[in-house]
Amino acid sequence: MKKLTITHVSIVSAALMFSTIASAEQLKIAAIETMTGPAASTGIAFLEGKRYAVKKLNEAGGFNGQPIQLVEYDNQGNAATAADKLKVAIRDGAKVVSVSNSSAIAAQISEDVRKWNERNPGKEVVFLNDGAEAFDLTAERCHFYYFKASSNAFMRYKAIVATMKQKGTLGPKVYLIDQNYSYGQEAMAAQREYAKAAGATIVGSDLHDVMKVQDFSPYVTKIKASGAETLLTGNWGNDIVLLLKAIGDAGLKIQIGNQSLDTPGTLSSAGPAAEGAYLAKLYNTEVPGGEAFNADFEKEFGHLPASEQPTSAFAFQLLGNALRSLDLKGGPINATDIALALENASYDTPGGKWSVRKEDHQVLLPVYISQVSTEAKNKHDGTQFGFKLLNVVSPEEAAVPPSPKCDMKRPS
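Be aware that the sequence shown starts at 19, since it is given in my numbering, and climbs by one per residue.
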């Protein structure tokens with residue numbers, strides 16, 4: 019566990035800034051992320067976004083007369099470990115919990131938060147999910163203290179397939195390959211739905227174990243034999259890296275659509291096999307109006323805000339706007355107040371507004387479609403490639419209806 023209070027003001031100025039309410043309760047946010055293991059590159063990217071946003075919030079005055087404290091816990095990519103870390107975080111005084119990496123872990127934490135809140139009235143915590151995208155988290159698993167500041171597979175593949183069709187790059191034969199867990203299964207359902215609606219035929223599909231396949235060549239052989247011109251895959255982490263490597267090794271030329279090609283190490287490992295692939299993301303550094311954010315983030319971390327950093331940064335700024343609407347006058351922090359404020363929160367990102375839908379606490383947001391290209395303005399991962407922006411799908415166009423399975427019980 020790493021405790022991190024982020025503020026870049028000097029000790030003297032920090033003391034002056036926050037000394038007015040020295041005894042006020044400090045807001046602690048627990049980031050229960052994957053910092054070790056095969057999915058660490060994704061987890062660390064999310065953490066950078068959180069660190070950036072908390073720094074900015076503290077520079078703007080923090081909350082309740084105190085700097086916001088970000089406390090980091092390594093879930094090791096394991097749901098059981100994450101559940102243990104949640105208990106520690108609550109014991110440490112966290113009022114907001116954040117998890118980004120893995121829908122399985124997010125589902126575990128969401129259920130544990132729900133049970134804790136039911137059993138401990140007056141001691142509730144808010145769960146801000148700024149990365150895990152399983153649709154069921156805002157469907158049958160929804161609850162009042164859960165907020166999803168990320169998209170879902172249906173939002174991403176609705177946008178990516180529509181852009182492919184618009185650009186004439188969606189082949190008539192489509193193959194699907196995804197990871198065999200909640201998000202991967204939903205990604206496949208979304209890919210199938212939108213590809214068929216666009217007039218394509220699904221010529222094959224595979225679900226595989228998460229982060230356990232070391233050689234994707236047997237899958238690539240099947241894809242090649244199917245005659246597919248387009249491959250849609252929700253794979254992320256090592257699974258997208260190794261899949262692209264196998265495609266390159268086989269010399270297979272196929273149009274790819276994915277949501278994780280910008281994870282650090284992916285393009286450098288995949289090489290030319292990734293060229294031309296479509297990426298559905300929640301930010302792109304080429305968007306007009308993003309120059310100031312890009313430059314400021316690069317100043318802090320030495321690289322542009324790619325991969326998952328913008329998602330967490332925008333999610334925490336959304337939280338920050340909710341906190342600004344509360345005036346506790348140095349009094350105790352109540353998670354119910356934070357949740358009610360979040361329901362009405364919005365944040366203007368460079369490419370469009372993020373806002374919370376009250377029915378299911380899904381954040382409505384724009385989806386950016388780009389293509390791996392040598393013509394991209396900003397190169398990525400030390401390669402000749404970057405992500406050339408093709409389309410920004412508005413929050414209204416990207417949205418999918420709330421699930422009727424969400425039966426949210428609100429506090430009385």
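We put the CB at the ideal spot given by N, CA and C, even for glycine.
- For Leu262, the enclosing alpha helix (DSSP H) has its first and last residue at Asn256 to Ala268.
- The C-beta separation of Ile387 from Thr52 comes to about 26 Å, leaving the pair out of contact by the 8 Å criterion.
- Here the stretch 59-70 makes contact with the stretch 278-297; the two share three or more CB pairs at distances below 8 Å.
- DSSP places Arg375 inside the beta strand (DSSP E), whose first and last residues are Gly370 to Arg375.
- By DSSP's assignment, Phe145 forms a beta bridge with Val115 and Tyr164.
- Rounded to whole angstroms, Asn198 and Phe153 show a C-alpha spacing of 15 Å.
- Of all alpha-carbon atoms in Lys105, Lys317, Leu285 and Val385, the one lying nearest the alpha-carbon of Asn170 is that of Val385.
- Close CB contacts of Gly222 within its chain, under the 8 Å cut and outside five residues either way in sequence, are with Tyr193, Leu194, Lys240, Ile241, Ser244 and Ala246 (chain order).
- Restricted to the stretch 375-430, the beta strand (DSSP E) segments that are unbroken, complete and at least 3 residues in length are 380-382, 385-391 and 404-411, listed in chain order.
- Here the alpha carbon of Asp102 sits roughly 45 Å from the alpha carbon of Lys183.
- Secondary structure at Asp355: helix, using DSSP grouped into helix, strand and coil.
- Per DSSP, Val72 has no beta bridge partner at all.
- Less than 8 Å divides the Cβ of Lys423 from the Cβ of Ala157.
- Non-local beta-carbon contacts of Ala112 in its own chain, meaning distances under 7 Å to residues more than five positions away in sequence, involve Lys46, Ile47, Ala48, Val89 and Val143 in chain order.
- The C-alpha of Thr248 lies about 23 Å from the C-alpha of Asn302.
- Ser235 is not a Cβ neighbour of Ala208, given a cutoff of 8 Å.
- Here Asp314 is exposed, its C-beta having fewer than 16 other C-beta atoms within 10 Å.
- For Asp196, there is no enclosing alpha helix (DSSP H); the enclosing beta strand (DSSP E) covers residues Lys191 to Gln197.
- The continuous alpha helix (DSSP H) containing Gln184 extends over residues Ala171 to Lys185.
- For Ala291 against Lys263, the beta-carbon gap comes to about 7 Å, under 8 Å, which counts as contact.
- DSSP places Ser286 within a helical segment (H, G or I) once states are collapsed to three.
- Put simply, the stretch 69-76 does not touch the stretch 133-147. Fewer than three CB pairs are less than 8 Å apart.
- In the three-state DSSP reduction, Thr99 falls in the helix class (H, G or I).
- Judged by beta-carbon spacing, Phe311 lies beyond the 8 Å limit of Tyr365, meaning their Cβ atoms are not closer than that value.
- If the five residues before and after Pro368 are omitted, its C-beta is found closer than 7 Å to the C-beta atoms of Val305, Gly307, Gly308 and Phe311, all from its own chain and listed in chain order.
- Cα atoms of Lys185 and Thr392: separation of roughly 18 Å, rounded to the nearest angstrom.
- Short of 6 Å from the beta carbon of Ala359, and not among the five residues preceding or following it, lie these beta carbons of its own chain, in chain order: Ala340, Ser343 and Leu344.
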